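Be aware that the sequence shown starts at 103, since it is given in my numbering, and climbs by one per residue.
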Amino acid sequence: MGDAGGALLEFLGDGRGNMTAAGNVAALGSVASIASGDFNRDGKLDLVISDFRSNSAAILLGAGDGSFRLTWSFELPRRGSEFRIATADFNNDGIADLVITSEDESNYEVMLGNGNGTFAYAPELSHLRDPYSYCPS
103 MGDAGGALLE FLGDGRGNMT AAGNVAALGS VASIASGDFN RDGKLDLVIS DFRSNSAAIL
163 LGAGDGSFRL TWSFELPRRG SEFRIATADF NNDGIADLVI TSEDESNYEV MLGNGNGTFA
223 YAPELSHLRD PYSYCPS
């Protein structure tokens with residue numbers, strides 16, 4: 103769970119439907135969106151968090167014991183928008199990829215996973231419209 107103040111809190115399940123606070127995983131500028139996947143193919147859950155205040159996304163690799171370490175971050179497409187991030191395998195290579203969306207539902211950006219916890223932009227799979235363009239209908 104994250105909040106606008108930037109705290110990323112972890113809650114652990116007890117197997118009976120109850121959750122217990124496990125502490126603060128990380129402190130960022132803000133937490134707008136959280137997605138999980140195995141980004142470095144080690145079988146452990148990793149996280150990606152979009153941070154509105156810094157206009158970036160942070161990759162936290164999981165240690166498998168409930169702890170995470172910040173390993174990499176990248177700039178989001180443009181300032182002033184709150185971005186949401188989701189994970190899936192968009193190019194069917196068995197590696198988790200990212201899709202980044204904003205309030206403008208027609209725009210999205212795909213980043214392909216490299217298998218080591220980093221990602222590369224994939225313009226051929228993305229759809230971004232220049233926010234300063236205008237086409238009369």
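Where a beta carbon is used, it is the ideal one built from N, C-alpha and C, also for glycine.
Note that the coordinates shown come from a computational prediction; the quantities given were computed from them, not determined experimentally.
Beta carbon of residue i nearer than 7 Å to that of residue j
i, j, result
"glycine 145", "glycine 108", "no"
"alanine 137", "alanine 188", "yes"
"asparagine 157", "arginine 181", "yes"
"leucine 163", "asparagine 193", "no"
Where the beta strand (DSSP E) containing residue i begins and where it ends
i, result
"valine 127", "121-129"
"isoleucine 251", "Outside the displayed range of the chain (103 to 239) lies residue 251, so it cannot be described from this structure."
"phenylalanine 170", "170-177"
"alanine 160", "158-164"
"glycine 215", "210-215"
Proximity to residue i [Cα-Cα], best of the options
i, options, result
"arginine 155", "Arg118, Tyr223, Ala129", "Ala129"
"leucine 147", "Asp153, Ile161, Leu227", "Ile161"
Alpha-carbon to alpha-carbon, residue j and residue i
i, j, result
"leucine 110", "threonine 203", "21 Å"
"glutamate 211", "phenylalanine 113", "30 Å"
"aspartate 140", "arginine 171", "14 Å"
Residue i Cβ short of 6 Å to the ligand COA heavy atom set
i, result
"glutamate 184", "Only the bare structure without any ligand can be found here, which leaves the ligand COA out of the picture."
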